[in-house]
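Just so you know, our numbering puts 101 at position 95 of the sequence shown, and the rest follows in order with no gaps. In what follows, a structure is listed as structure tokens, so that the remarks can point back to it.
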Amino acid sequence: MSIPATESTPSAANDVSHAADLRVAARWLVGGSASAVAVLVVPIQLRNFSDLTEVGPWAVALALLGFLTALASVVWTLYSAAAVLAVRRRSIGELAELDRADNSNFPDHRLEEPTSALISYLVVKRRMDLLGTSRDAIWRLAMDLATAHKASLLPQTGEKMQIGTRWYDLGNPVDNAALATLVLDLERRVQCVVDAAAAFETQQRYERLTKGMKLVGAPFVASFLLLLGLQTLPAASMNVKTPTSVQIVVPASGKDPCSGKVLEGVAVGGTMDAPVVVLPSQAGCPARKLTDTDEFIVIPRPAK
7 MSIPATESTP
17 SAANDVSHAA
27 DLRVAARWLV
37 GGSASAVAVL
47 VVPIQLRNFS
57 DLTEVGPWAV
67 ALALLGFLTA
77 LASVVWTLYS
87 AAAVLAVRRR
97 SIGELAELDR
107 ADNSNFPDHR
117 LEEPTSALIS
127 YLVVKRRMDL
137 LGTSRDAIWR
147 LAMDLATAHK
157 ASLLPQTGEK
167 MQIGTRWYDL
177 GNPVDNAALA
187 TLVLDLERRV
197 QCVVDAAAAF
207 ETQQRYERLT
217 KGMKLVGAPF
227 VASFLLLLGL
237 QTLPAASMNV
247 KTPTSVQIVV
257 PASGKDPCSG
267 KVLEGVAVGG
277 TMDAPVVVLP
287 SQAGCPARKL
297 TDTDEFIVIP
307 RPAK
């Protein structure tokens, strides 16, 4: 009696190496992004943002919004990369339970396709590769392995056990050899299912990371440009709301009798950059009101 040929056994090497390559790619992707962010952030001096209060409350609000947006983009990227690097390996029992809960009809044949992407990948797309032609559920693979282990540990008597579609005579050396081969085949398949599940979930999370980085990249760049632009804004001019004592330095000019003199006056309107100043009669200069002070140097005097 010859030993029947077993179904082709899948190799776990491709799934394991693929998952490892994705984890390496995620590390390099985050590392490269961090380097680019560091280069971009260098021109931005955070201490300069304390001066935005002089620009206006709206500038402070925009700076806070830009900072939080950039921070959220970085945190999301790090979190998504960590998810790629920390994919949990599911046990065959857990995968079998997920399969059973997802339209599986075990121990009978499956009648409906699974709804989850993971189970669909394992029992539909890669069924022939992972489970074999005689199985359509992960539960069936797990139960076949448990039964084969039990049969291999029983004494070699005339008892017969059914595994899958075949009966094995435990007292027949040929059947015992076929049973040992079957155990190795099922153990390898179980490991391949676990590896394929981990590789699939790693691939899903890596794709989520790359797609998300494209989406968060635009808000990050916009926030960077906003923060960079806010630092170039001039301080808002302070309005003169109450009469303020000032000194007026009149540039030297042959046409003005007050040229080259320092005069005492009172700012009564305008802004401190271009105030409306009232000058009393002094130092041979008549009293007058200055509304155009661009050509004068106005120095506020501290209150006594």
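Ideal Cβ placement from N, Cα and C applies to all residues, glycine included.
Three-pair Cβ contact test at 8 Å for the segment 115-135 versus the segment 160-178
Per the Cβ contact rule, the segment 115-135 is not in contact with the segment 160-178 (fewer than 3 Cβ pairs under 8 Å).
Output the distance between the C-alpha atoms of S229 and C264, rounded to the nearest integer angstrom.
S229 and C264: Cα-Cα distance of roughly 52 Å.
Note down the Cα distance separating V283 from A67, rounded to an integer number of angstroms.
Inter-residue distance for V283 and A67 is about 34 Å (C-alpha atoms, whole angstroms).
Secondary structure at S23, three-state DSSP: helix, strand or coil?
If DSSP states are grouped into helix, strand and coil, S23 belongs with the helices.
Per DSSP, cross-strand counterpart(s) of P281
Residue pairing for P281: DSSP places it in a beta bridge opposite G276.
Exposure of L296, with buried meaning 16 or more beta-carbon neighbours within 10 Å:
Per the 10 Å Cβ criterion, buried.
Which residue comes first and which comes last in the beta strand (DSSP E) that contains T250?
Counting along the chain, the beta strand (DSSP E) containing T250 begins and ends at 250-255.
Apart from the five residues just before and just after T171, which ones in its own chain have a Cβ nearer than 8 Å to its Cβ?
Taken in chain order, the residues that qualify are S140.
For L35 and D201, I'd like the C-alpha separation in whole angstroms.
When the Cα atoms are used, L35 and D201 turn out to be separated by approximately 24 Å.
Host beta strand (DSSP E) of K156 (start-end):
Here K156 belongs to no beta strand (DSSP E); instead the alpha helix (DSSP H) covers 144-159.
Contact check, L192 vs L151 under 8 Å by CB: the rounded distance?
Confirmed, about 4 Å.
Are the segment 75-88 and the segment 218-235 in contact at 8 Å, needing three or more beta carbon pairs?
The way I'd put it, the segment 75-88 does touch the segment 218-235; three or more beta-carbon pairs between them come closer than 8 Å.
Does the segment 248-260 touch the segment 268-276, meaning 3 or more C-beta pairs lie closer than 8 Å?
Under the Cβ criterion (8 Å, minimum of three pairs), the segment 268-276 counts as touching the segment 248-260.
Going by beta-carbon coordinates alone, are V93 and E207 separated by less than 8 Å?
Yes, they are a contact pair.
Just how far apart, CA to CA, sit S86 and T153?
Whole-angstrom Cα-Cα distance: 41 Å.
Which same chain residues end up closer than 8 Å to R133 when comparing Cβ atoms and leaving out the 5 residues on each side of it in sequence?
Only R141, D142 meet the Cβ criterion.
Rounded Cβ spacing between L28 and Q209 (contact assumed at less than 8 Å)
About 6 Å separates the beta carbon of L28 from that of Q209, a gap short enough to meet the 8 Å contact definition.
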